[in-house]
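For reference, the structure discussed in these notes is given below.
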Amino acid sequence: MDADRIAEICTAAYRAAYRELLPPGYIERTAGICFGAARVARQVPADPPRWFGYQVAEEGDRLVGAAGGGLTRPGIGELHLIYLDPAERGRGLGTLLLDRVIAQIREAGGTEVWLSVFLGDGPGIGFYRSRGFQPMATVQADLSREDDHIRSLRMRRALR
17 MDADRIAEIC
27 TAAYRAAYRE
37 LLPPGYIERT
47 AGICFGAARV
57 ARQVPADPPR
67 WFGYQVAEEG
77 DRLVGAAGGG
87 LTRPGIGELH
97 LIYLDPAERG
107 RGLGTLLLDR
117 VIAQIREAGG
127 TEVWLSVFLG
137 DGPGIGFYRS
147 RGFQPMATVQ
157 ADLSREDDHI
167 RSLRMRRALR
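Per my numbering, numbering of the sequence shown is gapless, rising by one per residue and ending at 176.
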């Protein structure tokens, strides 16, 4: 698995998705922490049940998207990330990746899946709502500082 390409896709998609929504300093700080090549390389191997490894979408021999999740506690799954090459959005690849991560969580005994999406991210919230996720709570965004005032919406989907 190409850790450098996963890092590149996640960073580019993160920047493109949030450039109008979040402060540039937060975007760069978070992208550097979460999608640096060294960190992604360390996460390529799965570490179940906490992390099931990356699920990837490919077009021919080109990697175009990545997603990952795991269990945060028995029965409770978390979608940690899902990003596509910005040029590949709208082709069903996000749904494909989401379905793969949900299948991993279900196979590990998960009965529900949680995720965080930035408050104000209309396309992201719409994507998850249309796939059965319901808003549950608003929280301070991961890696944000109090003075950033960046909030995330926690969403949940029951698995049947």
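Just so you know, even glycine gets a beta-carbon here, dropped at the ideal spot from N, CA and C.
Bear in mind that the values here come from a model prediction, so they are computed numbers and not experimental data.
Continuous beta strand (DSSP E) stretch holding residue i: start and end
{"i": "residue 143", "result": "Premise fails: residue 143 lies in the alpha helix (DSSP H), 138-145, not in any beta strand (DSSP E)."}
{"i": "residue 157", "result": "Premise fails: residue 157 is in no beta strand (DSSP E) and is neither H nor E."}
Reduced DSSP secondary structure (H/G/I, E/B, other) of residue i
{"i": "residue 82", "result": "strand"}
{"i": "residue 107", "result": "coil"}
{"i": "residue 128", "result": "strand"}
{"i": "residue 174", "result": "strand"}
{"i": "residue 39", "result": "coil"}
Reference residue i; option with closest CA among the options
{"i": "residue 99", "options": "113, 87, 93 and 88", "result": "113"}
{"i": "residue 110", "options": "147, 90, 132 and 154", "result": "147"}
Buried or exposed by the 16-neighbour rule on C-beta atoms within 10 Å, applied to residue i
{"i": "residue 58", "result": "exposed"}
Residue-chain proximity (residue i, chain D), Cβ-Cβ < 7 Å
{"i": "residue 176", "result": "This model lacks chain D altogether, as it is built from one protein chain only."}
Continuous alpha helix (DSSP H) stretch holding residue i: start and end
{"i": "residue 94", "result": "Unbroken run through residue 94 is the beta strand (DSSP E), 92-100; no alpha helix (DSSP H)."}
{"i": "residue 22", "result": "19-34"}
List, from N- to C-terminal side, the beta strand (DSSP E) runs of 3 residues or more that fit wholly inside the segment 42-90. The qualifying runs are 70-75 and 78-89.
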